[in-house]
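Peer 1:
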Amino acid sequence: MNKKNDIEMSLQRCLASRKDCSGDGRTLSMTEILDICKSTNQAAPSKSLFVVLPDGEHYSGGIYSYKEEQLALISDKEKTKFTMELYPELFWKESIEFEDLIRVGITWQYLSLKVDSIGLGVSQRARAPKKYNKLVNNLTNQKYAFLYSVAVRERDRAALVEDTVEPLQKKVEDGTILLDTPACYKDRAIYKNKYKGIPIDDVIFNRVDEKALNNMNLHQISQLLWACQGENDHTTHGNRDALEKNGYGRVHASGCAGYAVYPIVYIEDLANVPNGSYHYNPVGYSALNRWIKVNGTVTYDHFMQKFSSETFRAEIEKEFDTNFSNYAILLCIDRKKPCAGLMHRVMNLKYWAEVEAGMAVAGLQLQANALGLKWKKKILSNPDNPTYRKLFNLNSAEQSINSTAKFLVNRAKNERISLEGNLIPIVLFHLLEG
7 MNKKNDIEMS LQRCLASRKD CSGDGRTLSM TEILDICKST NQAAPSKSLF VVLPDGEHYS
67 GGIYSYKEEQ LALISDKEKT KFTMELYPEL FWKESIEFED LIRVGITWQY LSLKVDSIGL
127 GVSQRARAPK KYNKLVNNLT NQKYAFLYSV AVRERDRAAL VEDTVEPLQK KVEDGTILLD
187 TPACYKDRAI YKNKYKGIPI DDVIFNRVDE KALNNMNLHQ ISQLLWACQG ENDHTTHGNR
247 DALEKNGYGR VHASGCAGYA VYPIVYIEDL ANVPNGSYHY NPVGYSALNR WIKVNGTVTY
307 DHFMQKFSSE TFRAEIEKEF DTNFSNYAIL LCIDRKKPCA GLMHRVMNLK YWAEVEAGMA
367 VAGLQLQANA LGLKWKKKIL SNPDNPTYRK LFNLNSAEQS INSTAKFLVN RAKNERISLE
427 GNLIPIVLFH LLEG
């Protein structure tokens, strides 16, 4: 496949335009299929991928395994009507390890962004593909567990639409830290197709020149948090009816805009931000509008909200044998209802929040790669450990998240941005000195 120009192939452009799609899709060449598999497999090079294909011009449809840059046919008894379907290797155990669930989420996000870069989209559907799973297990004599259904499809929904609503005038209160506008939205560059980002393949294969940490401004942390859990729609923002027409919403797939992942930031030394603990708010003040006006300046609407002056830095570093220097980002999940509206009644919610956390981790590490930054992540092997509630000050974080949600305006009626369960810490992520 010929590599497209940087505008279409950049990570930031893919994050800004990522959306779920419902079209059947077009038949791909084997070169394109292998290119998608190679990029996706980089999330876990030691693991296999399982790919389901339709009949193509130079290949027969069926279920294949992908390993070491090769596809091997497992069975031609089952095919897909979509462009392709993909499932990361995952073995069924009495209790699937959190690290494996995070890996599945990371893999799905790598897939999503790669196929976006070639003009396609994906859909993560609610039910496990039991027929495929049973067939593969019978033929391989293994116990693989295919979670949900992930299909590559045609991008059949509308393009991004500029906001037409006048931005809200806001006065920023103490404890609220407005973050920088994502780079691909500067001067509405996303609409002009002029943003020159880092090519997606360079980011995925980590071939970006290393740069020094910059804690004198909010640029780096703003880009990281947005790539992790941000919003990429404008007029639709969280409105499911509009999302069905336009298809945008999150930089990664979410259980019906359910906000299962909640980033918490522990800051020790960052620009003029007071030290303390903050939660990231990807929704911002204005809900259905993506921009706000502060002191006469229009800015992208996302912020951090302080919930404690403490960071428990020494205790966190000791517990996880690490040093997070200026700040650390803790990804937490809400397992109780990780999706909103009607879909939580039909969706299989088991493991979804953990998988979604993996998608958010992928955004963090890919954006860090794009910024040329070294990073480290720690997946918590026992996230339900009761001592973590005090260590990460989760009671205060929960109260702040729920309180902040009450004061946002223009919320879509089926948008859930407050918690329904307790925060469960999943992954600790931080940058390293060059």
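Numbering follows our numbering, in which position 148 of the sequence shown is assigned residue number 154; successive positions increment by one, without gaps. Even for Gly, the Cβ is constructed at its ideal location relative to N, Cα and C. These figures come from a predicted structure and were not determined experimentally.
#1: Grab me the residues of N391's own chain with a C-beta within less than 8 Å of its C-beta, minus the 5 sequence neighbours each way, in chain order.
#2: Quick check: the segment 43-63 against the segment 220-232, are there 3 or more CB pairs under 8 Å?
#3: Going by other Cβ atoms of all chains shown within 10 Å of its Cβ, with 16 needed for buried, is S35 buried or exposed?
#4: Buried or exposed: which applies to H243, given that a residue is buried once 16 or more other Cβ atoms fall within 10 Å of its Cβ?
#5: G62: which of Q18, S52 and E38 sits nearest, CA to CA?
#6: Pair every Cβ in the segment 275-292 with every Cβ in the segment 317-335, then say whether three or more of these pairs are closer than 8 Å.
#7: Please report how far the alpha carbon of N245 lies from the alpha carbon of E95, in whole angstroms.
#8: If you run the structure through DSSP and keep just helix, strand and coil, what is D26?
#9: Pair every Cβ in the segment 365-385 with every Cβ in the segment 207-216, then say whether three or more of these pairs are closer than 8 Å.
#10: Check N6 in the structure and name its three-state DSSP category.
#11: Cα separation between I298 and L21?
#12: Rounding to the nearest angstrom, what Cα-Cα distance links L437 and I385 in this structure?
#13: Only counting the same chain, and skipping five residues up and downstream in sequence, which positions put a Cβ closer than 7 Å to that of L429?
#14: Using a Cβ-Cβ cut-off of 9 Å, state whether C20 counts as contacting chain B.
#15: Using only the alpha-carbon positions, how far apart do K202 and S16 sit?
#16: Indicate whether E360 and I432 have their beta-carbon atoms separated by less than 9 Å.
#17: For the alpha helix (DSSP H) containing W114, name the first residue and the last one.
#18: My parser needs the beta strand (DSSP E) runs of 3 or more residues fully inside the segment 307-373; what are they?
#19: Report back the beta-carbon spacing between T89 and R161 to the nearest angstrom; my notes put them in contact at under 8 Å.
#20: In its own chain, which residues sit with a C-beta less than 8 Å from the C-beta of L231, not counting the 5 before and 5 after it?
#21: Tell whether a beta-carbon distance below 9 Å holds between P135 and E91.
#22: Measure the CB-CB distance between W114 and A259 and report whether it falls below 9 Å.
Peer 2: In terms of the structure at hand:
#1: One-based indexing of the sequence shown puts residue 391 at position 385. Cβ-Cβ distances below 8 Å link N391 to nothing in the same chain once the five nearest sequence neighbours on each side are left out.
#2: Here the segment 43-63 makes no contact with the segment 220-232; the two share fewer than three CB pairs at distances below 8 Å.
#3: Position 29 of the sequence shown holds residue 35. Around the beta-carbon of S35, fewer than 16 other beta-carbon atoms lie within 10 Å, marking it exposed.
#4: Counting from 1 along the sequence shown, the entry for residue 243 is found at position 237. Model confidence at H243 stands at a pLDDT of 45, short of 50, so the residue's coordinates are unreliable; what they give is reported in the following sentence. H243 comes out buried.
#5: Here residue 62 refers to the residue found at position 56 when the sequence shown is read from its first residue. The candidate whose alpha carbon is nearest that of G62 is E38.
#6: Touching, yes, given that three or more Cβ pairs across the two stretches are closer than 8 Å.
#7: Indexing the sequence shown from 1 puts residue 245 at position 239. Indexing the sequence shown from 1 puts residue 95 at position 89. Low confidence applies to N245: its pLDDT is 48, below 50, so where it sits in the model is not reliable, and the reading given next is rough at best. Taking the straight line from one Cα to the other gives about 34 Å.
#8: On the sequence shown, residue 26 is found 20 positions in, with the first residue counted as 1. Strand, per DSSP.
#9: Yes: the two stretches touch, three or more of their Cβ pairs being nearer than 8 Å.
#10: The structure shown does not extend to residue 6, since the chain is modelled only from 7 to 440, so the question has no answer here.
#11: Residue 298 sits at position 292 when you count from the first residue of the sequence shown. Residue 21 sits at position 15 when you count from the first residue of the sequence shown. Using only the alpha carbons, I get a separation of about 21 Å.
#12: Reading the sequence shown from its first residue, position 431 is the one you call residue 437. Reading the sequence shown from its first residue, position 379 is the one you call residue 385. Approximately 15 Å, taken between the alpha carbons.
#13: The residue labelled residue 429 in the question sits at position 423 within the sequence shown. For L429, same chain residues with a beta-carbon under 7 Å away, outside a window of 5 residues either side, are Y268, C338, D340, L400, A403 and E404 in chain order.
#14: Included in the structure is just one protein chain, with no chain B present.
#15: Indexing the sequence shown from 1 puts residue 202 at position 196. Indexing the sequence shown from 1 puts residue 16 at position 10. Approximately 7 Å, taken between the alpha carbons.
#16: Residue mapping note: residue 360 aligns to position 354 of the sequence shown, counting from 1. Residue mapping note: residue 432 aligns to position 426 of the sequence shown, counting from 1. Between E360 and I432, the C-beta gap is smaller than 9 Å, which places the two residues in contact.
#17: Working through the sequence shown from its first residue, we reach residue 114 at position 108. Per DSSP, W114 belongs to the alpha helix (DSSP H) from F104 to S123.
#18: Runs of the beta strand (DSSP E) inside the segment 307-373: 309-314 and 333-340.
#19: Walking along the sequence shown from the start, residue 89 turns up at place 83. Walking along the sequence shown from the start, residue 161 turns up at place 155. Cβ-Cβ separation between T89 and R161: approximately 11 Å, too far for a contact (criterion under 8 Å).
#20: For this step, residue 231 is matched to residue 225 along the sequence shown. Counting only Cβ-Cβ distances below 8 Å, and skipping sequence neighbours, we find L185, P269, V271, Y286, P288, H308, M310 and I335.
#21: The residue given as residue 135 occupies position 129 in the sequence shown. The residue given as residue 91 occupies position 85 in the sequence shown. Taking the C-beta atoms as reference points, E91 is found nearer than 9 Å to P135.
#22: Along the sequence shown, one-based indexing puts residue 114 at 108. Along the sequence shown, one-based indexing puts residue 259 at 253. Their beta carbons are under 9 Å apart, which means W114 touches A259 by this criterion.
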